[in-house]
Structure formats: C-alpha cells, structure tokens
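Colleague: When you line the sequence shown up against numbering that gives the first Met the number 0, it's residues 0 to 140, in that order. Even glycine gets a Cβ: it sits at the ideal position worked out from N, Cα and C. On a predicted model such as this, the values are computed, not experimentally measured, just so you know. Pasting in a structure now, in structure tokens, and then I'll have a few things to ask.
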Amino acid sequence: MASGTVINREGPPVAIEPGRSASGDWIGGPQGTLVIYFDYDRSSIREEYSQILQAHGAWLAANQGQTVRLEGHADERGTPEYNLALGSRRANAVTQALTALGAAGAQLNAVSFGEERPAAEGADEMAWSQNRRVELVYETN
C-alpha cells in the first residue's frame, strides 16, 4: 500500500505503511497526525491518497469508539475569509471520503483554520504547497 506522512512534532516526519499482519492487526496503522496535501485552490483529493484514506476508513469502521479531527488549512494567498472556506471544503472532502469508506459521521470532526496555522513559513511554492493540507488528528478518547 502507499505510505503517508505523519507529522512527528518531536522530530522529522516519519512514513507509515497502512496494512494488516497475518493476525489481522494493523501494521503502522493510523496514529498521530496524517497529512493530505492539496493542489492550489482545490479541495479535490489527489489519487495518490486513495489507498491511505481507504486504510483510515477501514480502521475507523473497525474502531467505532475512535474519533478524528480533520483540520483544513490553506496557504496565505487569498483573503482570510476565502482561505477559511477553502480549508473547510478540504476538511469536508476528507470527511466525505472517510464516510464513504466506512467511518461513521460521529467519528469525524471537520474544522478549518484557513491560513492561520501554517506548517511552513515563506512566500514561495515550497512553503505554500506544505500549507495546502488537511491534518487527520486522532483524538485520545
């Protein structure tokens, strides 16, 4: 399966490989924060994230007590109001994808921070591309 990037606030990002062991347990399953990146001014989920979202949807379906906060973000271009709405559209797109893949709506909490919480500082494409994202934050229950 495809890997995703987990934000590791204590050090560099680490990769996860969602999958099942022979016993059916998750190997490197959804933990911490997973980041889904978006194209400029878009809220459609890129194909490269389909297997990752399938793994998270299946994991959430099997773990109904688990909740996840979907934090939508945008880069600094655009008005604050527009970026807040864009972050919301992105978070809602991930919510819809996870629901279609088996997660219950009650497990998902979509929020938008617009441009207010950048992952990268800077006014260039490298920084902007890191700020166009949805972070999946698994909440401790």
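1. Put glutamate 46 into one of helix, strand or coil per three-state DSSP.
2. Between which residues of its own chain and phenylalanine 37 is the CB-CB distance below 8 Å, once the five residues before and five after are set aside?
3. So is glycine 104 buried or exposed if we call it buried at 16+ other beta carbons inside 10 Å?
4. If you draw a straight line from the C-alpha of alanine 92 to the C-alpha of leucine 33, how long is it?
5. If you follow the beta strand (DSSP E) that arginine 131 is part of, which residue opens it and which one closes it?
6. Helix, strand or coil: how does DSSP classify serine 111 here?
7. To the nearest whole angstrom, what separates the beta carbons of histidine 55 and phenylalanine 112, a pair I think is in contact under 8 Å?
8. Is the Cβ-Cβ distance between alanine 102 and leucine 59 less than 9 Å?
9. Tell me, please, which residues DSSP counts as bridged to glutamate 138.
Modeller: According to the structure shown:
1. Three-state DSSP puts glutamate 46 in a helix.
2. If the five residues before and after phenylalanine 37 are omitted, its C-beta is found closer than 8 Å to the C-beta atoms of Ser43, Ile44, Arg45, Arg89, Arg131, Arg132, Val133, all from its own chain and listed in chain order.
3. Glycine 104 is exposed by the Cβ-count criterion.
4. Cα to Cα, alanine 92 sits roughly 15 Å from leucine 33.
5. Element bounds for arginine 131: n/a, residue is neither H nor E.
6. DSSP places serine 111 in strand when its eight states are reduced to three.
7. Not confirmed; about 20 Å, so no contact.
8. Leucine 59 sits close to alanine 102, with the two beta carbons spaced by under 9 Å.
9. Per DSSP, Thr66.
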